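A short write-up of the structure that comes next.
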Amino acid sequence: MNDETGTPRGDDAEAWLPQRTLRIGVTGHRPARLGSSDLDKLHVEVSRILAEICSLVSLHGPTEIRLVSPLAEGADSIVADAALERGWALDAVLPFFRDDYAQDFAPGQARDAHLRRLAQAAAVFELPGERSGEGGEAAAYERAGRITLAQSDLLLAIWDSEPMRGRGGAAQIVAEAVLQGIPVIHVDPADKHPPVLLWDGLEEIDLGQQTIDTVARGDVDKLGALLGQLLDLPVEKQEAAMLERFRSGATGWQRLALAYPLLLAVAGVRRLRRTDFGWTKPGDTGAAIPTCTGTQDFADRLDRAARPSFARADAAATRFAQLFRSGYVTNFMLAAFAVLLSMLGLAMPAWAKPELIVLEVLTIATILLVTRMGNKAGWHRLWLDNRALAERLRCVALSAQLGDLDLRGAGEQAALWVAWYTRASARLLGLPSIRADRAYLECVRSELRQLIQGQIAYLNAEARRMHLLDHRLHLTGTILFAITALACVSMLIFKGAYELVPALYAIQYPFSIGVTIVSAALPAIGAAIYGIRMQGDFAGIAARGEALRHDLETLAGVIDADTLSFDTLLRRARRVTDLLAGDLASWLRAYHARPLTLPG
């Protein structure tokens with residue numbers, strides 16, 4: 006069920022799980038290199054493997070299986086035919102625009118068969134390959150092979166095990182798949198050995214990047230474990246709980262968590278906003294992910310796989326950040342208040358001291374309660390994880406329009422449930438059906454600029470706020486300690502004065518009590534302010550934001566000066582993703598070391 010924004014309602018938790026999808030790429034030889042191989046027998050073997058995959062996938066619940074193929078004559082076409090026979094969806098990655106690519110097939114039966122496959126494809130991604138110039142064709146085939154890898158969880162390779170004989174061939178694509186950690190089902194077209202699974206996951210420990218020579222090999226019956234890793238929800242208890250929390254919706258405690266917004270308002274950093282009270286809708290941020298494709302199918306998938314989840318993660322990150330920050334601000338200020346209460350006991354009459362003690366106990370109990378609630382609910386981790394998910398979804402929604410699902414990068418330095426959710430959403434997004442001509446690339450470049458400029462504007466504003474907050478808190482702490490020093494000096498002066506002026510002796514006791522309270526309470530408040538500064542790392546946020554802003558501004562200038570091309574634009578999009586992911590990783594590392602703890 007959806008609300009008026011097209012976002013799944015919070016009570017429909019299943020709607021927040023991306024539809025289970027498995028994407029299988031294919032690479033292989035053309036007829037000339039297949040040579041004397043029995044193509045009918047090869048078709049039967051491929052069909053058997055696909056049937057086994059279907060059988061294993063069915064154990065994990067309803068799953069859409071999509072084949073990603075450049076549809077070249079030979080191995081690609083054999084696998085495509087077998088997949089279509091089984092009812093799989095076909096996503097075609099063409100190295101050239103479709104009319105140009107059709108010239109690769111001889112007129113008659115071969116070309117007609119190619120056009121029939123193309124007509125059955127659910128998505129056709131037409132790359133702007135050029136045949137003119139030295140190496141132009143080879144570069145186009147290489148580009149199509151790499152996009153196929155970027156779209157695939159698993160690669161089916163019909164490869165004769167011989168070294169690469171040219172750019173963009175099956176041997177190169179298999180080597181790159183292994184290097185990227187993509188599992189490969191290696192089928193020998195001459196049937197010299199049974200199919201083999203090349204997968205570094207067969208090792209008991211992570212041994213780093215592998216090559217064709219070093220990667221672990223296993224029987225295809227190991228596919229069950231592989232598919233379980235790809236398709237199943239996280240089973241680790243804490244990760245499953247985090248995913249369930251995301252599905253079930255955010256907490257309503259934000260409306261009571263006003264300590265941090267009040268701190269910003271009192272410090273003159275910004276005024277209170279309606280969103281500080283939790284009055285916001287997840288759908289408000291859905292437009293943050295635009296699309297250039299113009300095709301309804303991809304737009305629908307974007308609406309299902311990215312926009313609502315991005316909006317929910319973004320809103321949840323904001324809520325839990327406010328809860329966490331308000332938690333530590335409350336704790337530090339209450340700790341200072343407890344010190345003040347203990348000092349007030351010196352000045353209050355005896356009958357009022359029990360009330361002060363009760364109030365101090367309640368203050369300490371509140372600190373303990375806030376800390377326990379925050380840690381039990383996981384405010385700290387929910388903030389960080391939801392922020393990571395929102396940023397990764399926004400990046401993959403853009404890169405997917407250039408055919409890059411970033412299925413491997415999604416797991417780098419991310420919580421397991423965040424990596425799973427990002428990959429599942431990316432698989433559902435899949436391949437847009439587009440022609441990557443100049444107009445399309447201009448649109449994507451414009452989107453990329455907007456993303457960069459939006460980030461720069463946000464970073465500028467956030468750096469100013471954090472720098473101002475840190476400066477004013479530091480200034481306030483300095484003033485408090487200066488007042489304390491003046492109070493101590495005044496006490497020394499008073500001590501000397503009442504020796505000379507006996508009349509001052511009458512006010513010695515109240516003056517001493519007042520100075521004692523001030524000299525204890527103000528440093529406690531100053532220490533609380535220092536604790537807030539260290540816990541919040543406001544100066545660090547400002548410094549990291551300024552560094553990222555500089556990098557993004559530099560990259561924006563490079564993008565503006567670039568000659569427009571698919572390869573260059575894809576590299577720039579990946580660089581933006583790397584910068585944002587790198588900043589997010591450093592930010593996560595900094596804040597993972599600052600959980601909600603008791604002051605002290």
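Each residue of the sequence shown is one higher than the one before, counting from 6 in my numbering.
Backbone N, C-alpha and C define an ideal beta-carbon position, used for all residues, glycine too.
None of these values were measured; they are calculated from a predicted model.
Beta-ladder partner(s) of E69, from DSSP: T26
Three-way DSSP call (helix, strand, coil) for G223 in this model: strand
D218 in three-state terms, based on DSSP: coil
Any 3 or more C-beta pairs closer than 8 Å across the stretch 478-491 and the stretch 528-547: yes
Sub-8 Å separation of L410 and A431 beta-carbons: Cβ distance < 8 Å, so L410 and A431 count as in contact.
Run of the alpha helix (DSSP H) containing I488, from where it starts to where it stops: R443 to L505
Length-filtered (4 minimum) alpha helix (DSSP H) runs lying within the stretch 375-409: 384-404
C-alpha gap between S166 and T582, whole angstroms: 35 Å
Span of the beta strand (DSSP E), counted from its first residue to its last, around H198: Neither: H198 is in no beta strand (DSSP E) and is coded neither H nor E.
Nearest to D158 (by Cα), restricted to the options L72, L505 and K197: L72
Selected residue, minimal CA-CA separation from L421, among A444, D390 and L433: Among A444, D390 and L433, the Cα nearest to that of L421 is on D390.
C-beta atoms of L339 and L364 nearer than 8 Å: no
3-residue-minimum beta strand (DSSP E) runs that sit fully inside the stretch 150-185, ordered along the chain: 159-163
Span of the alpha helix (DSSP H) around A343: R312 to L349
Proximity to R594 [Cα-Cα], best of S74, A393, T219 and G113: A393
Span of the beta strand (DSSP E) around D238: Per the sequence shown, residue 238 should be read as Leu rather than Asp. Run containing L238: none; DSSP gives neither H nor E here.
CB of L485 within 8 Å of CB of G519, strictly: no
Distance CB(S404)-CB(R579) smaller than 8 Å: Here S404 is near R579, since their CB atoms are less than 8 Å apart.
Cβ pair count under 8 Å reaching 3, the stretch 174-189 against the stretch 148-156: yes
Integer-rounded CB distance, given that V51 should sit under 8 Å from I83: Contact between I83 and V51 is confirmed by a C-beta separation of about 6 Å, below the 8 Å threshold.
Candidates R440, L361, D193 and R122: closest to P100 by CA position: R440
Start and end residues, alpha helix (DSSP H) containing H34: Element bounds for H34: n/a, residue is neither H nor E.
Pairwise C-alpha distance: D237 and L361: 56 Å
Beta-ladder partner(s) of L95, from DSSP: L72
Cβ-Cβ distance between S438 and F571 below 8 Å: no
DSSP three-state assignment for I187, whether helix, strand or coil: DSSP places I187 outside both helix and strand once states are collapsed to three, so it counts as coil.
Where I210 sits in the DSSP three-state scheme: I210: coil per DSSP, three-state reduction.
Residue environment, G210, which counts as buried when at least 16 other CB atoms sit within 10 Å: The sequence as given places Ile at residue 210; Gly does not occur at that position. Burial is judged here by how many other beta carbons sit within 10 angstroms of a residue's own beta carbon; I210 has fewer than 16 and is exposed.
Buried/exposed call for C400, threshold 16 Cβ in 10 Å: buried
A547 beta carbon near the ligand GTP (any heavy atom closer than 7 Å): Summarising the ligand content, the structure contains no ligands, and the ligand GTP is consequently not present.
Identity of the residues DSSP links to E131 by a beta bridge: E131 pairs with L99 and R440.
Close Cβ partners of T489 (< 8 Å) along its chain, the five nearest in sequence each way excluded: V523, S524, L527, P528 and G531
Collapsed DSSP secondary structure at V689 in the structure displayed: With the chain covering only 6 through 605, there is no way to say anything about residue 689.
Contact the stretch 34-49 vs the stretch 243-255: 3+ CB pairs below 8 Å: no
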